[in-house]
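Beneath this line is the structure, given in structure tokens, with notes to follow.
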Amino acid sequence: MTDRLHDCLLDGLHDRLPERSLVRPPACSTARSSACPTEEKRLSSSPPASRAVPFVRARVGRWLVLLRLLPRVGGGLLSAAVVLNVLIGLLPLAFIVWMSVLLDRLPDAQAVSGGTTGVFAALFLALGAFVLQQLLAPLQAVLGEVATRKVDGQCVTGLMDTALRRSPVSMLEREETLDLLSDARGAFDRLLPTPGDAVGGAIALIARYTQLLGAVVLVGVTLSPWAGILTGATALVLRFGQRGSLGRFSELYQDMAGQRRRIAYMLRTAGGTDAAKEIRVLGLADWFRTRHHQDMRDYLDPLWAGRRRILMGPFVVLALVGLAGGTGVLLLLAGPAARGELSLLTMAVALQAVLIPMRFGVYFPECDVQTLYGMQSYDSLTAFTRRAAEETAIPRAASGPPAASVPPAAAGATAPAGGPPTRGIRFEDVVFRYTPDGPAVLDHLDLEIEAGRSTAVVGLNGAGKTTLVKLLTRLHEPSSGRITADGTDVRNLSDSEWQRRLAVIFQKFNQYELSLRDNVVLGAPGGATPDPRAFDAAVARAGLDDILARLPEGPDTVLSRQYEGGVDLSGGQWQRVALARAFYAAERGSHLLVLDEPTAQLDVRAEVEFFDRFLTMTKGLTSVVISHRFSTVRRADRIVVLEHGKVAEQGTHEELTALGGRYAELFRLQAQRFAGPVPEEAR
0 MTDRLHDCLL DGLHDRLPER SLVRPPACST ARSSACPTEE KRLSSSPPAS RAVPFVRARV
60 GRWLVLLRLL PRVGGGLLSA AVVLNVLIGL LPLAFIVWMS VLLDRLPDAQ AVSGGTTGVF
120 AALFLALGAF VLQQLLAPLQ AVLGEVATRK VDGQCVTGLM DTALRRSPVS MLEREETLDL
180 LSDARGAFDR LLPTPGDAVG GAIALIARYT QLLGAVVLVG VTLSPWAGIL TGATALVLRF
240 GQRGSLGRFS ELYQDMAGQR RRIAYMLRTA GGTDAAKEIR VLGLADWFRT RHHQDMRDYL
300 DPLWAGRRRI LMGPFVVLAL VGLAGGTGVL LLLAGPAARG ELSLLTMAVA LQAVLIPMRF
360 GVYFPECDVQ TLYGMQSYDS LTAFTRRAAE ETAIPRAASG PPAASVPPAA AGATAPAGGP
420 PTRGIRFEDV VFRYTPDGPA VLDHLDLEIE AGRSTAVVGL NGAGKTTLVK LLTRLHEPSS
480 GRITADGTDV RNLSDSEWQR RLAVIFQKFN QYELSLRDNV VLGAPGGATP DPRAFDAAVA
540 RAGLDDILAR LPEGPDTVLS RQYEGGVDLS GGQWQRVALA RAFYAAERGS HLLVLDEPTA
600 QLDVRAEVEF FDRFLTMTKG LTSVVISHRF STVRRADRIV VLEHGKVAEQ GTHEELTALG
660 GRYAELFRLQ AQRFAGPVPE EAR
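Going by numbering that gives the first Met the number 0, the first residue of the sequence shown is number 0, and it counts up by one from there.
Shown next, in the form of structure tokens:
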């Protein structure tokens with residue numbers, strides 16, 4: 000499970016994106032409601048009247064969710080940020096008032112004795128408001144950043160917990176889930192605004208709306224209440240019109256997550272080290288460049304077309320609204336001014352105050368993009384978390400027989416204790432399909448894994464060997480039938496409780512860019528505290544002593560040359576590291592060792608040496624070995640041949656070769672390839 004989740008979190012599982020998403024404009028995400036609008040509706044310049052109520056409700060609901068995020072900032076920090084932003088919103092108004100007072104006092108300053116005192120006082124207060132605003136702006140940014148990081152830290156923890164512990168692998172193999180995870184993960188890679196950015200942007204909006212409210216009050220006091228109401232109404236129409244357009248564009252952007260995953264994959268592959276040699280040797284640089292340009296066109300053309308259709312219509316309407324509102328306020332100002340009813344102070348305050356609301360028709364760089372896209376990231380995160388909760392509930396109820404249909408003896412049995420199974424593990428009439436309408440990969444499989452003995456599973460590609468491992472490790476649940484340990488259905492245990500008893504090496508195991516010590520001790524059940532004795536024993540079992548002796552920093556050497564003092568290992572050396580990880584888990588309490596093609600990258604001589612050592616070191620441990628090399632399986636206590644999802648043959652190596660069936664045929668073919676003459680016992 001770890002290897003798939005590593006790909007999901009760090010690489011976005013880009014390689015599973017269907018090709019169709021590269022050449023077609025994006026349809027509505029399947030993660031959305033089935034009533035999701037079509038492409039044309041989504042690109043419309045404004046929501047029709049029939050959709051006005053849900054349109055408003057959706058945005059009100061999003062702000063309510065944002066308000067629920069605010070407590071994550073912490074009471075003290077949130078209070079300080081709110082007070083600071085209110086003060087920053089009031090300071091421009093104070094500057095307007097005192098500059099207007101300064102202008103009003105200038106004509107009489109020389110005519111009246113001591114008049115300059117009032118001028119300098121007004122100038123001092125105006126400059127004080129300006130300077131204080133400049134001094135507080137960095138503090139505003141710092142508090143906003145701290146609030147952002149606190150919220151993001153909690154969200155990242157929740158995302159990792161959900162992806163690494165609570166989401167089944169089957170969920171991580173579906174495109175709609177990958178789109179949700181891609182957007183949520185992309186935000187924390189700083190590719191998109193994060194939920195913390197949304198909180199920081201919402202706090203910054205306090206200063207903007209404080210300034211708007213103060214400006215409306217100034218206009219209402221200096222001119223008339225109607226002028227204040229008209230100014231405020233115009234500002235809010237401009238504000239929500241622009242926000243609505245940006246919101247619809249952000250929905251279009253979110254619907255194109257699959258194409259962004261493909262573009263990110265191409266960039267990561269072309270610029271990474273894993274594919275560098277192959278790209279150069281095969282001359283693929285031009286192909287990657289051309290493909291990337293095509294992917295970008297397929298992505299940007301519908302995106303920019305949608306942006307034009309979404310933004311141009313509202314721009315014209317909102318420009319007319321702003322013109323009408325501004326003209327109305329100026330007319331309310333012009334009448335009294337023409338009659339000489341307004342003083343210079345009143346006119347100066349009113350004119351400057353009117354300009355503030357009119358600026359609400361533009362995007363606010365410190366908050367608009369952050370709140371909209373940050374909340375979309377949070378929506379993706381919560382949708383992914385909710386999907387994981389649903390998936391963890393559904394498979395337990397839908398996979399296999401319900402609890403009531405478990406045979407009485409098993410139903411009454413207690414869950415096995417934390418020790419090793421004493422009677423073994425059984426697959427009882429197990430059927431498994433990857434999709435409900437797909438073919439049965441395992442077809443009414445009956446299989447016993449004997450306790451304290453080694454069981455090898457062989458078969459051609461597609462026989463169901465790796466699927467068997469996935470069910471044994473509970474990465475998937477049977478579609479029907481059950482798996483028992485000492486007679487108890489393993490579904491009576493939580494996934495984590497069962498998996499702590501396993502030490503597993505998958506075909507594609509993770510190669511962590513960490514130290515050798517970390518790579519080995521990660522095998523400990525539940526990430527237990529490292530045990531030096533168990534580490535040394537695991538390294539010795541896996542034959543890593545010679546490699547360890549050559550590492551410049553010993554076990555603390557990072558296994559990647561991308562870090563100072565790090566080294567790269569060969570494929571076979573990494574295989575030994577993975578084996579050491581499994582042995583370490585066994586040392587720390589895992590009782591079932593599962594090896595899926597454990598020696599695929601070792602040469603034949605090294606493989607023989609490993610299994611001689613393996614059988615000695617794991618004596619009394621229950622083990623399951625998946626392999627295609629018969630030099631491996633012939634040493635197992637029991638060999639099982641899978642065909643078409645069923646057990647075709649089983650027995651010891653000697654019994655199966657004497658039987659002259661499928662196993663004997665495959666053994667003879669492989670013996671001829673590796674050894675030349677066919678062994679006497681296989682003739």
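Note that CB positions come from ideal geometry on N, CA and C, so glycine has one too.
These figures come from a predicted structure and were not determined experimentally.
Q. Buried or exposed: Asn460, going by 16 or more other Cβ atoms within 10 Å of its Cβ?
A. Residue 460 sits at position 461 when you count from the first residue of the sequence shown. Exposed, by the Cβ-count rule.
DSSP bridge partner residues for Leu591 (one or two, in chain order): Counting from one through the sequence shown, the residue named residue 591 turns up at place 592. Partner(s): Leu501 and Thr621.
Could you tell me the distance, in whole angstroms, from the CA atom of Gly486 to the CA atom of His443? Within the sequence shown, residue 486 is the residue found at index 487, counting from 1. Within the sequence shown, residue 443 is the residue found at index 444, counting from 1. Those two C-alpha atoms are separated by around 18 Å.
TODO: Pull up the distance between the alpha-carbon of Gly200 and that of Thr370, whole angstroms please.
DONE: Residue mapping note: residue 200 aligns to position 201 of the sequence shown, counting from 1. Residue mapping note: residue 370 aligns to position 371 of the sequence shown, counting from 1. Approximately 6 Å, taken between the alpha carbons.
| In whole angstroms, what is the alpha-carbon distance linking Thr556 and Leu158? | Here residue 556 refers to the residue found at position 557 when the sequence shown is read from its first residue. Here residue 158 refers to the residue found at position 159 when the sequence shown is read from its first residue. About 30 Å.
### Message
Report the CB separation of Leu331 from Ala234 in whole angstroms; it is logged as a contact under 8 Å.
### Response
Counting from one through the sequence shown, the residue named residue 331 turns up at place 332. Counting from one through the sequence shown, the residue named residue 234 turns up at place 235. With a Cβ gap of about 15 Å, Leu331 and Ala234 do not count as contacting.
Report yes or no: is there a C-beta of chain B within less than 8 Å of the C-beta of Ile87? Among the chains of the structure shown, chain B does not appear; only one protein chain is present.
Residues bridged to Arg481 (per DSSP): As a first step, residue 481 is located in the sequence shown; it is residue number 482 there, counting from the start. DSSP output for Arg481 lists Glu427 as bridge partner(s).
C-alpha distance - Asp488 paired with Leu558, whole-angstrom precision: Against the sequence shown, residue 488 aligns to sequence position 489. Against the sequence shown, residue 558 aligns to sequence position 559. The alpha-carbon atoms of Asp488 and Leu558 are separated by roughly 40 Å.
| query | What did DSSP end up calling Asp545 once you bin it into helix, strand or coil? | reply | Position 546 of the sequence shown, counting from 1, holds the residue named residue 545. Residue state, collapsed to three classes: helix.
Have a look at Pro400 and Ala647 and give me their C-alpha separation to the nearest angstrom.
In the sequence shown, residue 400 corresponds to position 401, counting from 1. In the sequence shown, residue 647 corresponds to position 648, counting from 1. Because the pLDDT of Pro400 is 37, which lies under 50, any placement of that residue in the model is unreliable, and the question is left without a value.
Quiz item: Alpha carbon to alpha carbon, what distance is there between Glu552 and Val565?
Solution: Against the sequence shown, residue 565 aligns to sequence position 566. Against the sequence shown, residue 552 aligns to sequence position 553. In the sequence on display, residue 565 carries Gly and not Val. Taking the straight line joining both Cα atoms gives about 9 Å.
* To the nearest angstrom, how far is it from the Cα of Phe119 to the Cα of Gly74? -> Mapped onto the sequence shown, residue 119 falls at position 120. Mapped onto the sequence shown, residue 74 falls at position 75. C-alpha of Phe119 to C-alpha of Gly74: approximately 41 Å in a straight line.
Among residues of its own chain, excluding the 5 on either side of Arg247, which ones have a beta-carbon nearer than 6 Å to its beta-carbon? Numbered from 1 along the sequence shown, position 248 holds the residue referred to as residue 247. Closer than 6 Å at the Cβ level, and outside the excluded window around Arg247, lie Ile309.
Task: Short Cβ contact (8 Å threshold) for Ala539 with Gly571 - done: Here the question's residue 539 lines up with position 540 in the sequence shown. Here the question's residue 571 lines up with position 572 in the sequence shown. No.
- When DSSP labels each residue in this structure, what does Thr454 get in the three-state scheme? Along the sequence shown, one-based indexing puts residue 454 at 455. Three-state DSSP puts Thr454 in a strand.
For Gln375, which three-state DSSP category applies? As a working note, residue 375 is residue 376 in the sequence shown. Three-state DSSP puts Gln375 in a helix.
Report task. Decide if Gln375 is buried, meaning its Cβ has at least 16 other Cβ atoms within 10 Å, or exposed. Result -> The sequence position of residue 375 within the sequence shown is 376, counting from 1. So Gln375 counts as buried.
query = Does the beta-carbon distance from Val623 to Ile482 come in below 8 Å?
reply = Numbered from 1 along the sequence shown, position 624 holds the residue referred to as residue 623. Numbered from 1 along the sequence shown, position 483 holds the residue referred to as residue 482. No. Outside cutoff.
Q: Determine the direct distance from the alpha carbon of Val85 to that of Thr345, and round the result to whole angstroms.
A: Your numbering for residue 345 matches position 346 in the sequence shown. Your numbering for residue 85 matches position 86 in the sequence shown. Those two C-alpha atoms are separated by around 24 Å.
Check your understanding: Can you give the Cα-Cα distance for Ser78 and Cys154, rounded to whole angstroms?
Key -> Walking along the sequence shown from the start, residue 78 turns up at place 79. Walking along the sequence shown from the start, residue 154 turns up at place 155. Their backbone Cα atoms lie some 21 Å apart in a straight line.
task = Pull up the CB-CB distance for Leu503 and Val593, whole angstroms please, since I reckon it's below 8 Å.
result = For the purposes of this step, residue 503 is taken as residue 504 along the sequence shown, with counting starting at 1. For the purposes of this step, residue 593 is taken as residue 594 along the sequence shown, with counting starting at 1. Residue 503 is actually Val in this sequence, not Leu. Between Val593 and Val503 the Cβ distance is about 4 Å, and since that is below 8 Å, they are a contact.
(request) Could you round the C-beta distance between Ala541 and Ala584 to whole angstroms and report it? I think they count as a contact, below 8 Å. (result) Taking the sequence shown and counting its residues from 1, one reaches residue 541 at position 542. Taking the sequence shown and counting its residues from 1, one reaches residue 584 at position 585. At roughly 12 Å, the Cβ-Cβ gap does not stay under 8 Å, so Ala541 and Ala584 are not in contact.
- Query: In whole angstroms, what is the alpha-carbon distance linking Arg207 and Thr156?
  - Reply: On the sequence shown, position 208 is the one that residue 207 refers to. On the sequence shown, position 157 is the one that residue 156 refers to. One C-alpha to the other measures close to 32 Å.
*Spatial neighbours of Ser244 within its chain, please: CB distance less than 7 Å, with the 5 preceding and 5 following residues excluded, ordered by chain position.*
Taking the first residue of the sequence shown as 1, we reach residue 244 at position 245. Result list for Ser244: Ile309, Leu310 and Pro313, in chain order.
### Query
According to the neighbour-count rule (16 or more other Cβ atoms, all chains shown, within 10 Å of its Cβ), is Val215 buried or exposed?
As a working note, residue 215 is residue 216 in the sequence shown. Its Cβ being crowded by 16 or more others within 10 Å, Val215 is buried.
Out of Ala462, Leu105 and Ala455, which one is the CA nearest neighbour of Gly644?
For the purposes of this step, residue 644 is taken as residue 645 along the sequence shown, with counting starting at 1. That would be Ala462, whose Cα lies nearest to the Cα of Gly644.
*Among the residues of its own chain, which have a CB less than 6 Å from the CB of Arg425, if the five just before and after it don't count?*
As a position in the sequence shown, residue 425 is number 426, starting the count at 1. Counting only Cβ-Cβ distances below 6 Å, and skipping sequence neighbours, we find Glu447 and Thr483.
Near Thr381, which residues of its chain fall below 6 Å by C-beta distance, leaving aside the five closest residues on each side in sequence? Your numbering for residue 381 matches position 382 in the sequence shown. Cβ within range, chain order: n/a, list empty.
**OP:** Below 7 Å CB to CB, which residues in the same chain sit around Ile95 once its five sequence neighbours on both sides are set aside?
**Re:** Reading the sequence shown from its first residue, position 96 is the one you call residue 95. Here the set comprises Val348, Gln351 and Ala352.
Item to complete: Under 7 Å Cβ to Cβ from Lys464, same chain only, skipping five residues before and after it: list those, please.
Response: Residue numbering aside, residue 464 sits at position 465 when the sequence shown is read from its first letter. Within the same chain, Lys464 has close Cβ partners Val456, Gly458, Ile625 and Leu641.
Please tell me whether Gly619 and Ile638 are closer than 8 Å, where the distance is taken between their beta carbons.
Looking up residue 619 in the sequence shown gives position 620. Looking up residue 638 in the sequence shown gives position 639. The answer is no: Cβ separation not under 8 Å.
**OP:** Run the CB neighbour count on Phe383, radius 10 Å, all protein chains shown included, and call it buried at 16 or more, exposed below.
**Re:** Within the sequence shown, numbered from 1, the residue matching residue 383 stands at position 384. Under this definition Phe383 is a buried residue.
message = Using the Cβ count rule (16 or more neighbours within 10 Å means buried), how would you classify Gly143?
response = Here residue 143 refers to the residue found at position 144 when the sequence shown is read from its first residue. By the 10 Å Cβ count, Gly143 comes out buried.
Check Gln649 in the structure and name its three-state DSSP category.
Start at 1 with the first residue of the sequence shown, and residue 649 comes out as number 650. Strand.
Practice task
Mind listing, in chain order, the continuous alpha helix (DSSP H) runs of no fewer than 4 residues lying wholly within the region 89-162?
Solution key: 114-160
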